[in-house]
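Visitor: Remember, my numbering sits 610 above the position in the sequence shown when you count from 1. Using N, Cα and C, we set each Cβ at its ideal position, and we do this for glycine too. The model shown is predicted, which means the values in this text are computed figures rather than measured ones. This is the structure I want to talk about, given as structure tokens.
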Amino acid sequence: MNKIKILLIIGFCFTFSGMSGQSKIVAERYFNEFAYVKSAQLYGDIVKKGDSSQVTLQRLADSYYNNADVTEAQFWYALLFDKYKVQLDSEYYYKYGLTLNALGEKELAKEMFSQYALLEKDDVRAKQVLLGLVEDENNITYNNITNLDINTSYSDFNGFVKDSSLFVFSTQPFSGKSKKIYKWNRQPFLNVYKGNIGEDTQLSELDYLKGDVNTKYHEATLVISKDGKTMFFTRDNYHGKKLRKAKDKTTNLKLYRADLEDGEWVNERELPFNSDEYSVGHPTLSLDEKELYFVSDMPGAIGETDLFKVILDIDKNQYGIPKNLGSGINTEGMEMFPFISEDNTLYFSSNGRFGFGLLDIYKTDLNNKEENKVYNLGESINSNMDDFAFTLKDENSGYFSSNRTTGKGDDDVYSFGSTSPCLQSIVGVVTDSLSKSILPEATVKLIDASGKVLKEVLSDVGGNYTFTKVACDSEYTIIGSKLDYVSDQETVVTNSERGKVNQADLVLKALIVGNEIVINPIFFDFDKYIVRDDAEYELEKIVTVMNNHSDMVIKIESHTDSRGSKAYNRELSDKRAKFTQYYLYTRGIAKARIESAIGYGEDQLLNNCDDANTNNCSEEKHQRNRRSKFIIVSGGTNVTALDPSVAPLHKVDKKPGKN
């Protein structure tokens, strides 16, 4: 074995024993560029080599968390908390809690949220995460909340808006009617009233509902068909003479139907799925009026009371079999007071979710039948008491009821206005930097100021992408990536102008040009052949391309400028080529896939900057000759793995080494 080879082997062993530090620098650089798939791979490899330090585990877990891979994030956060819980910043309790919550680990998530709230008492999110709120990305702010003049010291709560009237249910005594007292709250029984809505959302004096709907017992919560001819309403199980009771001696609620004749509601009769043994009430109609939604504790209920629906034909007075809305909406607690808006959003109240008080108001989009995501309406409308009976008057205002302590009586009716969030959009075109051609099917990500990936889209056939409903007065990073291209990113800072369209074009640089893998120049320190961390960063692009194309074989060439002796330059460049080759081996590239790694010194200059002209050439011209080339010998036509920035995250072997 000659002296040069012995020195090379000794140099390789010595240098690579200390390369974990450089690897961390490279992994950190990819992480800071939001290349979370790549950073997850690199930090995962670092862990497999035995480094499970706090920073490494944090970055690995965060890489998965920021790219929404909650399953992998949960595993690494769990290990992080197991080893370093005392040293962790409060933010990790927040992120781990959200991760657990997304995986259905509600109790453990609540623990994390509670710890976060204790550590960050002044943080707005502290109360929210402690209560387990799921934020709506387009959350509306409810304002101008006003206690109505018609409220009394009794229980008053609202129904829904029909034409220019609001139906109200109240225990206030009505002249000429029975003042029978309800034992549970020592107040008279509920009756149905109606008030005309003024321009300021206040109501005129309430009118006792005409007809046969009101009795000496409870009547409340109703819905009226669009043609105004049919009412569905809730009443105690009362049939003209006495209350009917269940086997346990309790009186349940039932749903009734009534018809409008000559301005009065008459001909009331109960619906066929009622029962003496359970309650049915709180009706609302679907937009097409082919389904009746209601509340019940009938057999099949998940909790104390659930939301159900039943198919109906109003004209034929026919009803199907009641169907539970399922565990995506119903909880082990009480779901009550459903209302369906004109955009097909189901609003309801529940005490079975972590909220701001007892009953909170929630919503779910009925147009999205697959997800059934439920959102709390937030602290701008919910209080620490009961909040319920949400209904809209129009797109920007409505009514709800609450027994909050600032009211006039037991339950009060409140009006509200609402303000939609200030939203903008971000659009752009993705193109190739060399050919200037458009790039369809490029992956474009929207990332917030914390580094979290919010949305991900593909550019269309024209290379266009669009992100709608991005918040005003916010900062976003837009990253575009595509197989065998270097990613590009732009920063977009939105202002306070509603509806503004922000332009952010992305230009991607091809990694394969002709028969070469083209990366930025690999720099070595003067007179050295050790791979620097900035060179490692570039070489990871070679790793990515070769992983994209499992049949690709390359050869490595290293060249110098003419300064120095020919023999020295040839030896130095050969060491650099072979060291580069060895680095690729350490990153999992099979030896058979690198045909050769040869240094040519100054033998293949690209210009006339040879020994005779060395002093006449600028540094820029000399730099052109100092280069490494990665030439594709074969393969590379059949893609067998997607670019990491597009593909599912690399799964790390869950066997981390010891410190």
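At which residue ranges does the region 1015–1094 contain complete beta strand (DSSP E) runs of 3 or more residues, listed in the order of the chain?
Guide: Counting only runs of 3 or more, we get 1022–1029, 1033–1042, 1053–1057, 1063–1068, 1074–1081 and 1085–1091.
Visitor: Quick check for students: name the residue ranges of the alpha helix (DSSP H) that lie wholly in the region 675–703, counting only runs of 4 or more.
Guide: Within the region 675–703, the complete alpha helix (DSSP H) runs of at least 4 residues are 680–694.
Visitor: Going by DSSP, name the residue or residues bridged to residue 849.
Guide: Answer is none; residue 849 lacks a bridge partner.
Visitor: If I measure Cβ to Cβ from residue 937 and keep anything under 8 Å in the same chain, skipping five residues before and after, which residues do I get?
Guide: 912
Visitor: Could you work out which residue in 1031, 1158, 891 and 1061 is closest to residue 1092 when comparing CA atoms only?
Guide: Closest option to residue 1092, judged by alpha-carbon separation, among 1031, 1158, 891 and 1061: 1158.
Visitor: Looking at C-alpha atoms only, which residue of 1028, 670 and 929 is the closest neighbour of residue 654?
Guide: When the alpha-carbon of residue 654 is set against those of 1028, 670 and 929, the nearest one is in 670.
Visitor: Within the chosen definition, does the region 759–773 reach the region 1009–1018 through at least 3 CB pairs nearer than 8 Å?
Guide: They touch, by the three-pair rule.
Visitor: Taking 8 Å as the threshold, find out whether the region 801–811 comes into contact with the region 1054–1069 through three or more Cβ pairs.
Guide: Segment contact: the region 801–811 against the region 1054–1069, fewer than three CB-CB distances shorter than 8 Å; contact not assigned.
Visitor: Put residue 1143 into one of helix, strand or coil per three-state DSSP.
Guide: Of the three classes helix, strand and coil, the one that applies to residue 1143 here is helix, per DSSP.
Visitor: Might you give, ordered along the chain, the residues of its own chain that have their beta carbon closer than 6 Å to the beta carbon of residue 1028, omitting 5 neighbours on each side?
Guide: 750, 752 and 1006
Visitor: With a CB to CB cut of under 6 Å and the five nearest residues on each side skipped, what residues in its chain are close to residue 1099?
Guide: 1087 and 1089
Visitor: Buried or exposed, going by whether 16 or more other CB atoms sit within 10 Å of the CB of residue 989?
Guide: Residue environment: residue 989 is assigned as buried (16 or more neighbouring CB atoms within 10 Å of its CB, all protein chains considered).
Visitor: In terms of DSSP beta bridges, what is residue 1166 paired with?
Guide: 1207 and 1240
Visitor: DSSP state of residue 974, grouped into three classes?
Guide: In the structure shown, residue 974 adopts extended strand secondary structure according to DSSP, grouped into three states.
Visitor: Does the structure place the region 1162–1181 close enough to the region 1218–1227 that three or more beta carbon pairs sit under 8 Å?
Guide: yes
Visitor: Once you ignore the five residues that flank residue 1197 on each side, which residues in its own chain have a CB closer than 6 Å to its CB?
Guide: Taken in chain order, the residues that qualify are 1153.
Visitor: Return the residue from the list 1046, 1104, 1075 and 1064 that minimises the CA-CA distance to residue 1033.
Guide: 1104
Visitor: Is DSSP giving residue 644 helix, strand or coil here?
Guide: coil
Visitor: Mind checking residue 872: buried by the 16 CB within 10 Å criterion, or exposed?
Guide: exposed
Visitor: Please confirm whether residue 1037 and residue 1076 have their CB atoms less than 8 Å apart.
Guide: yes
Visitor: Report the rounded CA-to-CA distance for residue 932 versus residue 773, giving the unit in angstroms.
Guide: 29 Å
Visitor: Between the region 1124–1135 and the region 670–686, are three or more C-beta pairs nearer than 8 Å?
Guide: no
Visitor: Given a threshold of 16 other Cβ atoms within 10 Å of its Cβ, counted over all protein chains shown, does residue 1177 qualify as buried or as exposed?
Guide: exposed
Visitor: With DSSP run on the structure shown, which of helix, strand or coil describes residue 1224?
Guide: Reduced to three states, the DSSP call for residue 1224 is helix.
Visitor: Going by C-alpha distance, which of 677, 1062 and 1071 is nearest residue 1047?
Guide: 1071
Visitor: Just the Cα atoms here: how many angstroms apart are residue 909 and residue 918?
Guide: Rounded to whole angstroms, residue 909 to residue 918 spans 11 Å at the Cα level.
Visitor: Please indicate yes or no: does the CB of residue 805 lie closer than 7 Å to some heavy atom of the ligand COA?
Guide: Ligands displayed in this structure: none; no statement on the ligand COA is therefore possible.
Visitor: What's the gap between the Cα of residue 786 and the Cα of residue 822?
Guide: In this prediction, residue 786 has a pLDDT of 44, which is less than 50 and means its spatial position is unreliable; nothing more can be read from the coordinates.
Visitor: Can you tell me which of 849, 834 and 885 puts its alpha carbon nearest to the alpha carbon of residue 870?
Guide: 834
Visitor: Mark residue 1202 as exposed unless 16 or more other C-beta atoms lie within 10 angstroms of its C-beta, in which case mark it buried.
Guide: exposed
Visitor: Given this structure, state the Cα-to-Cα distance separating residue 640 from residue 690, to the nearest angstrom.
Guide: 21 Å
Visitor: Which one or two residues does DSSP pair with residue 722 in a beta bridge?
Guide: None; residue 722 has no bridge partner.
Visitor: Determine the extent of the beta strand (DSSP E) in which residue 957 is found, giving its start and end residues.
Guide: 955–960
Visitor: Where do the N-terminal and C-terminal ends of the alpha helix (DSSP H) with residue 1173 fall, by residue?
Guide: Counting along the chain, residue 1173 falls outside any alpha helix (DSSP H), and DSSP gives it neither H nor E.
Visitor: DSSP three-state label for residue 743, please.
Guide: At residue 743, the pLDDT of 48 sits below 50, so the modelled position is not reliable; the number obtained from the coordinates is stated separately. Per DSSP, reduced to three states, the secondary structure at residue 743 is coil, with no helix or strand assignment.
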